[in-house]
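Quick note on UniProt numbering: the sequence shown kicks off at 1 and runs consecutively.
Note that beta-carbon positions come from the ideal geometry of N, C-alpha and C, so glycine has one too.
In this text the structure is predicted, and so the values were computed from the model without any measurement.
Below you'll find the structure, written out as structure tokens, and then a few comments.
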Amino acid sequence: MQRIAYLLPLGLTSGLLVGLIVGGLVLNLILGRDPNATGIFVLIAEFPGFARLTSVPWVLPWQIVGASTVLFTIAAVALTFRQQLTEYGQAKFQAKAEMKANGLLQPLGAGMVFGKLGAPSKSAPYVSATFQKFPHCLVVAPTRAGKGVGYVIPNTLLFNGSIVVLDVKGEIFEATSRRRQAEGDAVYRFSPFDFEHPTHRYNPLERVARIENLEQRYTELAKISDYFLTVSDKGTAGDFLTEGRELFVAAGLLAIERGKPTIGEISRILFGRGATQEVYGEHAEEVKHPNAAQTFRKFAGYSDRTLSSHASVLGGAGMTLWNNPAVDRATSGNDFSFADLRKRPMSIYVVVNADDIRTLSPLVRLFFGELIATMRSTLPDPKSEPWPVMVMLDEFDQLGPMPIVEQALKQLAGHGARVSIITQSIPGLDNIYGENVRLSLESAAGMKLYLAANDKKTAGEISDALGKTTKLSVSDSVSRDRDFMQRRSVSRRMEERPLLTPDEVRRLNPDQAILIPERQNPLLVHRIVYFQDPTFKSLFAAQAGPLPYPSKDGATLRALAARVEELERQAGQKVAVDFVRAEKPGSAAALSKPKLAAELMAVEKPLFEQNGQPSEPSSPPDSTGSGASLAAFRPDQIIAVARMHRFTKKVQEMGA
């Protein structure tokens with residue numbers, strides 16, 4: 001009924017209009033008049049009345065009107081009763097006009113750039129949307145698919161604000177850091193496992209140590225433990241980890257009270273002398289925070305076997321990483337603050353080799369967990385915090401669970417953060433988070449970019465996300481009857497099919513990418529290759545000067561300060577290190593300088609002589625408060641410790 005109610009009036013109206021136009025032309029032809037002078041509806045304008053409709057010259061034109069109306073009406077009725085073909089989905093790729101109408105062809109710099117409408121080496125419009133429309137993006141791209149050259153590097157070169165990038169292999173730092181420094185950014189390179197270059201330092205506990213409210217300090221330490229301490233087994237190990245986090249917080253409070261707020265110090269408190277009742281009992285007596293003392297007393301009541309199990313789970317959850325001196329050193333201080341990211345332009349590159357991602361994943365989780373928590377904690381002040389922050393989380397599926405990302409992603413846009421989550425495959429995300437959380441991440445991202453899907457599940461997910469379309473299927477068959485006469489039959493039907501099948505997704509041209517914006521039709525675009533693209537190639541080539549690696553002088557000063565601290569710690573434990581006694585029994589005990597002290601003196605002596613410092617102190621200070629530990633040293637060693645104290649003071653004055 002709906003079909004006839006629509007088509008019948010349409011047929012009547014169309015037939016009448018066509019008949020009036022054609023009949024008017026015939027009337028003008030009979031009368032020898034110019035049609036332009038009378039208009040197309042002359043039959044209505046010069047209507048002679050019903051009595052004269054059967055006379056010349058009106059009869060033929062009005063017969064044409066009647067015939068046209070009848071024919072069009074019959075055609076409409078025929079269409080009404082014709083077999084209706086079923087129509088399925090209407091998914092399609094956006095054309096250029098639709099992209100423009102949807103705000104996806106913005107100028108470079110207005111937002112993230114996702115691809116272009118031409119080959120990588122050709123000048124063509126870029127597919128880009130404002131941050132207000134699409135602040136976040138989920139990028140799914142396997143290894144060597146071009147996510148770095150096609151997405152991370154172009155956006156890092158363009159972004160006007162602060163950036164924090166997880167830089168696998170250091171390629172992003174090498175390709176973009178000089179431009180960002182030239183644009184006025186303070187550039188930092190956090191690379192704990194780069195032994196060829198110095199690293200800037202990151203210490204999450206330094207911020208916590210400045211908090212005066214003890215309850216807030218306890219809460220912040222608990223949050224830090226949640227960011228990076230994880231276990232894959234949710235059974236017994238998960239139960240042990242719950243208590244283990246309490247132990248981490250207690251040790252963190254003790255480390256702060258000792259004036260050594262680092263995770264390395266927490267590791268030494270928990271594991272340095274073994275996880276035993278006696279050790280935890282001593283910690284309970286030492287710590288002043290009542291909750292920390294209570295925690296240590298609780299653990300001191302456990303058997304050594306139970307304590308060993310707790311220590312094993314806590315170490316496997318991430319704390320073992322701080323046994324590595326490189327990690328301990330890289331987290332011994334702070335060279336930058338997340339709180340400054342919205343106040344001034346900064347570029348922070350977290351450089352990790354692909355082979356080290358699994359090893360360093362606890363530290364990376366902690367780093368980005370605290371970053372996101374800092375961004376989410378306050379709304380930016382438009383006057384004092386005008387800069388947006390772009391966060392690039394590469395190899396997201398290799399880092400282990402980061403619940404704070406899924407929880408905070410939808411809120412971060414209002415806090416000035418733009419997050420790109422980059423993963424190798426859909427199964428990789430499902431293995432870590434499960435399908436439901438992965439779907440939540442996709443929804444929160446808004447924009448999804450797929451490059452060169454090469455596994456079955458990812459291709460299937462992309463095909464499903466693209467939607468279904470309707471295809472007309474025509475079958476032609478020929479048969480012969482008993483008289484050997486050919487009979488041909490043609491049947492038509494509408495079929496539902498994916499816009500792209502999983503196989504078609506896998507066989508896409510490597511230069512093509514699929515974009516799926518939220519609540520819009522998908523896009524089939526070309527990916528960017530920054531060193532082929534005319535615009536980005538010129539931006540890259542304009543960079544000049546050396547790469548902005550951290551200063552080696554600053555790293556040397558920090559290393560010396562760390563060694564001084566280590567010697568003082570050993571002195572505080574009344575341990576005289578590396579003393580070598582004479583070989584002959586009964587002979588005078590010829591003691592040599594401790595190796596650590598001798599090494600420090602060798603480096604420090606020229607520094608102090610250049611600054612006019614006296615070579616010998618008049619009275620060496622007491623490093624422990626009692627002088628008992630220094631009594632074990634000979635005069636040369638006492639002098640060395642005194643010089644180290646002066647050096648420590650000098651380093652502190654220099655702000656290193």
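Just how far apart, CA to CA, sit residue i and residue j?
i, j, result
"A237", "T230", "10 angstroms"
"G115", "G400", "29 angstroms"
"G545", "R178", "7 angstroms"
"I269", "K223", "19 angstroms"
"F536", "Y530", "5 angstroms"
"F296", "F228", "22 angstroms"
"G23", "G66", "10 angstroms"
"H310", "G281", "16 angstroms"
"L429", "R438", "6 angstroms"
"L393", "L157", "16 angstroms"
"A373", "I404", "8 angstroms"
"I74", "G111", "56 angstroms"
"P594", "F195", "In this prediction, P594 has a pLDDT of 48, which is less than 50 and means its spatial position is unreliable; what the coordinates show is noted afterwards. Taking the straight line joining both Cα atoms gives about 26 angstroms."
"E206", "P198", "20 angstroms"
"L12", "L60", "20 angstroms"
"V168", "A354", "6 angstroms"
"A513", "K100", "18 angstroms"
"F579", "P325", "Any answer about F579 is weak, because its pLDDT of 35 lies below 50 and its placement is not dependable; what the coordinates show is given next. In a straight line, the C-alpha of F579 is about 23 angstroms away from that of P325."
"V249", "N334", "20 angstroms"
"E504", "N454", "11 angstroms"
"V352", "Q294", "39 angstroms"
"T219", "G252", "11 angstroms"
Assign residue i to one of two classes, buried (16 or more other C-beta atoms within 10 Å of its C-beta) or exposed (fewer than that).
i, result
"L499", "buried"
"Q106", "buried"
"Q424", "buried"
"I266", "buried"
"L53", "exposed"
"D34", "exposed"
"P192", "buried"
"P620", "Here P620 scores only 41 on pLDDT, less than 50, and its place in the model should not be relied on; the value that follows carries that caveat. Flag for P620 reads buried."
"G414", "exposed"
"R189", "buried"
"P382", "exposed"
"K147", "buried"
"A628", "Its pLDDT being 41, under 50, A628 is placed unreliably in this model, and the coordinates cannot settle the point."
"P290", "exposed"
"T143", "exposed"
With residue i as the anchor, note down where its alpha helix (DSSP H) starts and where it stops.
i, result
"I263", "263 to 271"
"L524", "Looking at the DSSP string, L524 is not in any alpha helix (DSSP H); the run it does join, the beta strand (DSSP E), is 523 to 526."
"M375", "357 to 377"
"R438", "435 to 445"
"L412", "403 to 412"
"R178", "171 to 182"
If we call anything under 7 angstroms between Cβ atoms a contact, is residue i one with residue j?
i, j, result
"V93", "P522", "Here residue 93 turns out to be Phe, not Val, going by the sequence shown. Cβ atoms of F93 and P522: closer than 7 angstroms."
"N160", "T331", "no"
"A452", "P510", "yes"
"I30", "P57", "yes"
"K288", "E243", "no"
"R358", "M390", "no"
"V165", "L241", "no"
"A91", "T469", "yes"
"I421", "P154", "no"
Terminal residues of the continuous beta strand (DSSP E) containing residue i?
i, result
"G111", "111 to 116"
"A513", "512 to 517"
"T211", "Reading the sequence as shown, one finds Ile at residue 211 and not Thr. Per DSSP, I211 belongs to no beta strand (DSSP E) and is neither H nor E."
"L314", "That residue, L314, is in no beta strand (DSSP E); its alpha helix (DSSP H) goes 304 to 316."
"A417", "417 to 423"
"Y126", "126 to 130"
"I40", "Note, I40: premise wrong, no beta strand (DSSP E); not H, not E."
"M99", "Note, M99: premise wrong, no beta strand (DSSP E); alpha helix (DSSP H) at 96 to 101."
"L393", "389 to 393"
"V187", "186 to 190"
"L104", "Unbroken run through L104: none, as it is neither H nor E."
Select from the options the residue whose C-alpha is nearest the C-alpha of residue i.
i, options, result
"A255", "F193, H283, G274, G244", "H283"
"L7", "A67, S377, L79, L31", "L79"
"E183", "A293, M392, F190, I163", "I163"
"H45", "G32, L27, E174", "Looking at the sequence provided, one finds Ala at residue 45 rather than His. Checking every option, the nearest Cα to that of A45 belongs to L27."
"Q411", "M375, I422, A209, W387", "M375"
"V113", "P120, A119, P345, L104", "L104"
"D304", "E461, E286, Q277", "Q277"
With a cut-off of 7 angstroms, does the C-beta of residue i fall near any C-beta of chain D?
i, result
"Y530", "Any reference to chain D falls outside this structure, which holds one protein chain only."
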